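*Asks:* For the protein sequence lines, the chains are A and B, in the order given.
Counting along the first sequence from 1, when you hit position 339 you're at 339 in the UniProt record's numbering, and nothing is skipped either side.
Counting along the second sequence from 1, when you hit position 317 you're at 317 in the UniProt record's numbering, and nothing is skipped either side.
Glycine included, every Cβ here is placed at the ideal spot set by N, Cα and C.
As the structure is a prediction and not an experimental result, all values here were calculated from the model.
Structure in structure tokens, see below.
2 protein chains.
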Amino acid sequence: MTEYRPLKIALLGAGSVGSQVARLMIENKAELAARVGAELELIGIAVRDVNSPRNADIPKELLTTDAQSLILSADIVVELMGGLEPARNYILQALNSGSDVVTANKALLATHGPELFDTAEQVGAQLYFEAAVAGAIPIIRPLRESLAGDKVTRIMGIVNGTTNYILDQMDSTGATFDQALAEAQSLGYAEADPTADVEAYDAAQKAAILASLAFHTEVPLEKVYREGITKVTAEQIQAAQRDGYVIKLLAICERLADADGISVRVHPALIDRTHPLGAVRGAFNAVFVEAEAAGSLMFYGAGAGGVQTASAVLGDLVSAAKRHVAGGPGLADSVHANLEVLPIDVVNTRFQVTLEAKDEPGVLATIANVFSSRSVSIETVEQSVRVDKGVRSKTATLEIGTHAASNKALQDVVQTLSESDVVDSITSVIRVEGI
Amino acid sequence: MTEYRPLKIALLGAGSVGSQVARLMIENKAELAARVGAELELIGIAVRDVNSPRNADIPKELLTTDAQSLILSADIVVELMGGLEPARNYILQALNSGSDVVTANKALLATHGPELFDTAEQVGAQLYFEAAVAGAIPIIRPLRESLAGDKVTRIMGIVNGTTNYILDQMDSTGATFDQALAEAQSLGYAEADPTADVEAYDAAQKAAILASLAFHTEVPLEKVYREGITKVTAEQIQAAQRDGYVIKLLAICERLADADGISVRVHPALIDRTHPLGAVRGAFNAVFVEAEAAGSLMFYGAGAGGVQTASAVLGDLVSAAKRHVAGGPGLADSVHANLEVLPIDVVNTRFQVTLEAKDEPGVLATIANVFSSRSVSIETVEQSVRVDKGVRSKTATLEIGTHAASNKALQDVVQTLSESDVVDSITSVIRVEGI
Chain A
1 MTEYRPLKIA LLGAGSVGSQ VARLMIENKA ELAARVGAEL ELIGIAVRDV NSPRNADIPK
61 ELLTTDAQSL ILSADIVVEL MGGLEPARNY ILQALNSGSD VVTANKALLA THGPELFDTA
121 EQVGAQLYFE AAVAGAIPII RPLRESLAGD KVTRIMGIVN GTTNYILDQM DSTGATFDQA
181 LAEAQSLGYA EADPTADVEA YDAAQKAAIL ASLAFHTEVP LEKVYREGIT KVTAEQIQAA
241 QRDGYVIKLL AICERLADAD GISVRVHPAL IDRTHPLGAV RGAFNAVFVE AEAAGSLMFY
301 GAGAGGVQTA SAVLGDLVSA AKRHVAGGPG LADSVHANLE VLPIDVVNTR FQVTLEAKDE
361 PGVLATIANV FSSRSVSIET VEQSVRVDKG VRSKTATLEI GTHAASNKAL QDVVQTLSES
421 DVVDSITSVI RVEGI
Chain B
1 MTEYRPLKIA LLGAGSVGSQ VARLMIENKA ELAARVGAEL ELIGIAVRDV NSPRNADIPK
61 ELLTTDAQSL ILSADIVVEL MGGLEPARNY ILQALNSGSD VVTANKALLA THGPELFDTA
121 EQVGAQLYFE AAVAGAIPII RPLRESLAGD KVTRIMGIVN GTTNYILDQM DSTGATFDQA
181 LAEAQSLGYA EADPTADVEA YDAAQKAAIL ASLAFHTEVP LEKVYREGIT KVTAEQIQAA
241 QRDGYVIKLL AICERLADAD GISVRVHPAL IDRTHPLGAV RGAFNAVFVE AEAAGSLMFY
301 GAGAGGVQTA SAVLGDLVSA AKRHVAGGPG LADSVHANLE VLPIDVVNTR FQVTLEAKDE
361 PGVLATIANV FSSRSVSIET VEQSVRVDKG VRSKTATLEI GTHAASNKAL QDVVQTLSES
421 DVVDSITSVI RVEGI
């Protein structure tokens, strides 16, 4: 390695990830210099209030409230403050001053990604964001580079650790959603206001980023179909177990060859317990990728956590620094494919519908007719009647599995069934994925 | 993307991977051009005999026996011929003429890696080799880049699909090694001469490559401890099942902080069935990586196959081509850490020893003394005596699990036990990994 002047690194934000990045940069200074071929000098950490109590790993003398000056003095800017503003503005300033930027800000990328990437391309700077999706798991780089010569057909990801923890607890202990959420909160896996996680806003942002990389297409966040896990019942979890399934919150990015577009959606789904994603327990994340030539791949690891995410940030920082030393552009994404992001109504998936119906002759035929009249083909029917102290219940539970059907057709079926005299209640409607 | 002249790509070799690379380059020409910003023009395919029967995907007019001229005309050379020579010589010629090289040749890298990487660095060219380890699974790039700011502490990989298929068959059907091998051969998973796979030569080459990247250290192939799967018995597989383990051929690259060095080894080992590696079935591969900050990561997918490996080759080709368009060096590895590769004798692992001993008073104490005299600490003992038609056997089966012990101490124990009067036979000695 040739000698090179020290590179000036500015850190924006000193939260759980920022403090770990600062610590690792300081502790591993010599090692990082050996890997890059130049010293990485942490010149400052921009915060809102230098006097706030914070992690002891943060050297106080590096703190500043003057982010703008810090950005202008830096060779590489690492944005770990989160949120849309002023993060967006700071990143644009950094790019426009010629600095490469490393960020873990998924909300910003999912919302203003095109603007940021366009700016980077215009000025010849680079934007690295491995840490924005699935924490320490290298998934962005494989999609941007390793699979660059292949065609991704589908991504199914467990990309939110909080919801996977909650669903896994419900699965292994029989807890209700509320009980599992309370436990996740007490353990620090879920926030006091868990909305961003349990309503799948976080997963939807990650799905938008993954889909844009996989399909070389701009994916506006508002086109991502989103359904959280708050309505998943203990009964659904138990029924899934009986059938050899497990319920996961899946972020699915799919190329729909028939419809010449892509589907990007996040929702709870049944998946076979023997599927590699079915074995992802606790707060772990995993991203399952199917590509034409590569076949099935899976990337597994810790999806969150300050130090794990810091690992991904440092990997990007080393890449950016090597690029600085060696010159020449680094990664570049393009949106040349420009595929249509299709609405959920036209997306075909298998469904499982569970309902309580009158236990009378002809009821099954009536229900089957509702499905066939909407061209939804039934694959399996399981009927069970509860017998309590020798007395046979007057209602039967029907679990109906469909072949692939459009969301619109299925919703029509559900609506019609819910108005039918022979149906008492519809207790579960859930997609089946992973086939 | 700016306009750029077409890049001239030379392919060396037209076997199962080469023919798929040629096919994908031709079929996806427009898509690849959009991703790279320049057309990728396949200018020729070097083979030994242009008239040999070969895959219909190979355009005959591109075949040539004049590899040297082809190399000199190319911007990027893709070496997929395998073997040490002339592959080594061709790659050196390509690098010295300023071309970047993409290769899937693990044997060559494990044997002559340092020479090739030194040459590449001297001339400012790049050598890409994602396809050399674990087929389509992106593992090289994550190690070279994503984890560049982290410290890898251990890698455990299932990196040979043939042996994983054989062990998985033995596990799921109760087959012997010979039966499972015969089936693997009939299905095309194993070659007529299976030595390279079942004696773990192939896995050892991959272990050397992984360890050199993970620990920034030259790892000569002869320092990789290697033990194949030919001696794994159906009884060992069944005993593993009873204990909640599964037997896998693991390639292990480990930083030994105590001894200030690394261990690189390939051998069969017991691993917990609930470990992510325990669930890797059939001919699939997976690489489990532990790093200080990132924690545990796993990369899973098809480890071999022409089209899957071609996906990895194309990913590298796109990287090399983008670098050509944009200028500037790409990846660079260094061996700055220069750690010692320690011999197996000083490596501490847990062991499980199974033996037949006389079923007499005092025998267990005698055996326990042998372990303790070599400072090998026993963690568990299970004793069972076979009773056949009401007659109790005169020998007992002892299954002894140890705490971590050095290979040398354990071998001493086994040697002493084998000479002991109270021991009839030692039926199994196997390492336990993944703790």
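(1) For the segment 273–305 of chain A, which residues have a CB atom closer than 7 Å to at least one CB atom of chain B, in sequence order?
(2) Under 8 Å, do residue 165(A) and residue 189(A) count as touching if we go by C-beta distance?
(3) Which residue or residues does DSSP assign as beta-bridge partners of residue 240(A)?
(4) Count the other CB atoms, across all protein chains shown, that sit within 10 Å of the CB of residue 415(A); report buried if there are 16 or more and exposed otherwise.
(5) Distance check for residue 107(A) and residue 9(B), CA to CA, integer angstroms please.
(6) Skipping 5 residues on each side, what residues in its chain have a beta carbon closer than 8 Å to that of residue 230(B)?
(7) May I ask you to verify whether the segment 134–153 of chain B touches the segment 223–243 of chain B, counting CB pairs closer than 8 Å and requiring at least 3?
(8) On the three-pair Cβ rule with 8 Å, is the segment 411–428 of chain B touching the segment 247–262 of chain B?
(9) Using the beta-carbon count (16 or more within 10 Å), is residue 2(A) buried or exposed?
(10) Of all the options 227(A), 349(A), 172(A), 209(A), which has the alpha carbon lying nearest to the alpha carbon of residue 195(A)?
(11) Using CA atoms only, rank isn't needed, just tell me which of 295(A), 296(A), 275(A), 301(A) is closest to residue 286(A).
(12) Out of 368(A), 358(A), 291(A), 435(A), which has the shortest C-alpha to C-alpha gap to residue 153(A)?
(13) Just to make sure I have the definition right: I need the residues of chain A whose C-beta is within less than 8 Å of the C-beta of residue 255(B). Which are they?
(14) State the CB to CB distance for the pair residue 336(B) and residue 34(A), rounded to an integer number of angstroms; the pair is presumed to be in contact (CB under 8 Å).
(15) Residue 104(A) and residue 90(A) look like a contact to me (Cβ under 8 Å); what is the Cβ gap, rounded to whole Å?
(16) Give me the DSSP bridge partner(s) of residue 369(A).
(17) Am I right that residue 223(A) and residue 264(A) are in contact with their C-beta atoms under 8 Å? What's the rounded C-beta distance?
(18) Please classify residue 203(A): does DSSP put it in a helix, a strand, or coil?
(19) Mind checking residue 383(A): buried by the 16 CB within 10 Å criterion, or exposed?
(20) Would residue 53(A) be called buried (16 or more neighbouring beta carbons within 10 Å of its own) or exposed?
(21) Straight-line CA distance for residue 60(A) to residue 29(A)?
(22) Kindly indicate which three-state DSSP category residue 250(A) falls into: helix, strand or coil?
(23) So which of 73(B), 80(B), 85(B) has the shortest CA-CA distance to residue 99(B)?
(24) Could you tell me whether any Cβ in chain A is nearer than 8 Å to the Cβ of residue 150(B)?
(25) Should residue 407(B) go down as buried or exposed, given a rule of 16 or more other Cβ atoms within 10 Å for buried?
(26) Can you tell me which of 326(A), 157(A), 46(A) puts its alpha carbon nearest to the alpha carbon of residue 124(B)?
(27) When burial is assigned at 16 or more other CB atoms within 10 Å of the CB, is residue 442(A) buried or exposed?
(28) If the cut is a Cβ gap below 8 Å, which residues of chain C does residue 319(B) touch?
(29) Taking 8 Å as the CB-CB cut-off, is residue 141(B) touching chain A?
(30) What residues of chain B sit near residue 308(A), judged by a beta carbon separation below 8 Å?
(31) To which residues of the same chain is residue 22(B) closer than 8 Å at the C-beta, ignoring the five residues directly before and after it?
(32) By alpha-carbon positions, which one of 430(A), 362(A), 389(A), 211(A) ends up nearest to residue 422(A)?
(33) Distance, Cα to Cα, residue 86(B) vs residue 93(B)?
(34) Check the Cβ-Cβ distances between residue 336(B) and every residue of chain A, and say whether any is below 8 Å.
(35) From residue 244(A) to residue 394(A), what distance separates their C-alpha atoms?
(36) Hey, residue 281(A) and residue 168(A): beta-carbon distance below 8 Å or not?
*Replies:* By the coordinates alone:
(1) 276, 279, 291, 293, 294, 295, 296, 297, 298, 299, 300, 301, 302
(2) Contact: yes.
(3) Paired residues: none, contrary to the question.
(4) Label assigned to residue 415(A): exposed.
(5) 40 Å
(6) Around residue 230(B), the same chain offers 177, 198, 199 as residues with beta carbons nearer than 8 Å, after the five sequence neighbours per side are excluded.
(7) no
(8) Between the segment 411–428 of chain B and the segment 247–262 of chain B, the count of C-beta pairs closer than 8 Å stays below three; the two stretches do not touch.
(9) Because the pLDDT at residue 2(A) is just 48, under 50, the model does not fix this residue reliably, and the value given afterwards should be weighed accordingly. By the 10 Å Cβ count, residue 2(A) comes out exposed.
(10) It is 227(A) whose Cα lies nearest to the Cα of residue 195(A).
(11) 301(A)
(12) 291(A)
(13) Residues of chain A passing the Cβ test: none, with the nearest at roughly 13 Å.
(14) Between the beta-carbon of residue 336(B) and that of residue 34(A) there is about 4 Å, and that keeps the pair under the 8 Å contact cut.
(15) About 14 Å; that fails the 8 Å criterion.
(16) Answer is none; residue 369(A) lacks a bridge partner.
(17) 7 Å
(18) helix
(19) exposed
(20) Exposed, since its Cβ has fewer than 16 Cβ neighbours within 10 Å.
(21) 18 Å
(22) Strand at residue 250(A).
(23) 73(B)
(24) Yes - at least one Cβ of chain A is within 8 Å of the one on residue 150(B).
(25) buried
(26) Per the C-alpha coordinates, the member of 326(A), 157(A), 46(A) positioned closest to residue 124(B) is 326(A).
(27) Nothing can be reported for residue 442(A): it is not among the residues displayed for chain A, which extend from 1 to 435.
(28) The structure shown contains no chain C; the protein chains it does contain are A and B.
(29) At least one chain A Cβ lies under 8 Å of residue 141(B).
(30) 293, 294, 295
(31) Excluding five sequence positions before and after residue 22(B), the CB atoms of its chain that fall closer than 8 Å to its own CB belong to 11, 14, 42, 45, 57, 58, 59, 62, given in chain order.
(32) 362(A)
(33) 11 Å
(34) It does: the Cβ of residue 336(B) has a partner Cβ on chain A nearer than 8 Å.
(35) 28 Å
(36) yes
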